[in-house]
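Colleague: This is the structure I want to talk about, given as structure tokens.
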Amino acid sequence: MSTLSHLTSRLIKPPQQPAVTNRDLWAVAGYAAFAGVLLSPLRHYLGTPREIKRKKVEHDSFPMSTYPMFSADRKGRVTVPHVVGITSQWERIPLHYRHYGTGGLNQVRKQIARGIRRGEAANIAQRYADALAAAPRRNETDVVRVLVVRSRFRFDDYFSTTDPSDQPFRETIHAQCEVGGVAELLEEHIA
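Spelled out as structure tokens, the structure:
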């Protein structure tokens, strides 16, 4: 036996590649479809800036999260419909949401916002005032009046590290009610 044939018989031969099967083709097609689904939100970014903005409002582009709930330009401010208690010294006390309902903070917040939009702010104020008259919490015993308001806050003022302010820069009072009294509907704008 020659030396060359002896060496070639001892060399490691590369493994034979198996043939491509239908199962392999289905797997590749599945991966391609999955990649298409993941990249499909990019279709919202085709067109002029005006078309792109319109498409973002019409359709959620998850997972890019350009839906207005996440990406709306709030210009550094936010409007919050809520209920405030006022003491005899005109101090503002945030009232607990459970005076209105037991569904949780976000559910009660949405119910209050919906009630204000429907013109039912007096009912909200009455419900809070009646609940305070029946069972005030420890920090709410000095509250004499309930206000249903829509407050506008500036992020820079609210989250300032040098001079934080939890006071709104603009507020609309929709209704008020003395604790133990009868609610009245208002529409006062306070700048």
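Just so it is clear: in the sequence shown, position 122 is 122 by full-length UniProt numbering, and no numbers are missing.
Here a beta-carbon is modelled for each residue, glycine too, at the ideal position from N, C-alpha and C.
Can you give me the C-alpha to C-alpha distance between Tyr100 and Leu25, rounded to a whole angstrom?
Modeller: Taking the straight line from one Cα to the other gives about 59 Å.
Colleague: On the three-state DSSP scale, how would you describe Pro164?
Modeller: Coil at Pro164, not helix or strand.
Colleague: Could you check whether the region 156-169 touches the region 108-117, counting it as contact only if at least three pairs of C-beta atoms, one from each stretch, sit closer than 8 Å?
Modeller: No contact exists between the region 156-169 and the region 108-117.
Colleague: Quick one: residues in its chain with C-beta nearer than 8 Å to the C-beta of Leu46, no 5 flanking neighbours on either side, listed in chain order?
Modeller: Here the set comprises Ile52.
Colleague: In whole angstroms, give me the CA-to-CA distance for Pro136 and Phe155.
Modeller: Cα-Cα distance, rounded: 31 Å.
Colleague: According to DSSP, residue 204 sits in a beta bridge with which residue or residues?
Modeller: Missing from the structure shown is residue 204; the chain here goes from 1 to 191 and no further.
Colleague: Using 10 angstroms around the beta-carbon of Val78, count the other beta-carbons present and answer buried if the total reaches 16, otherwise exposed.
Modeller: Val78 comes out exposed.
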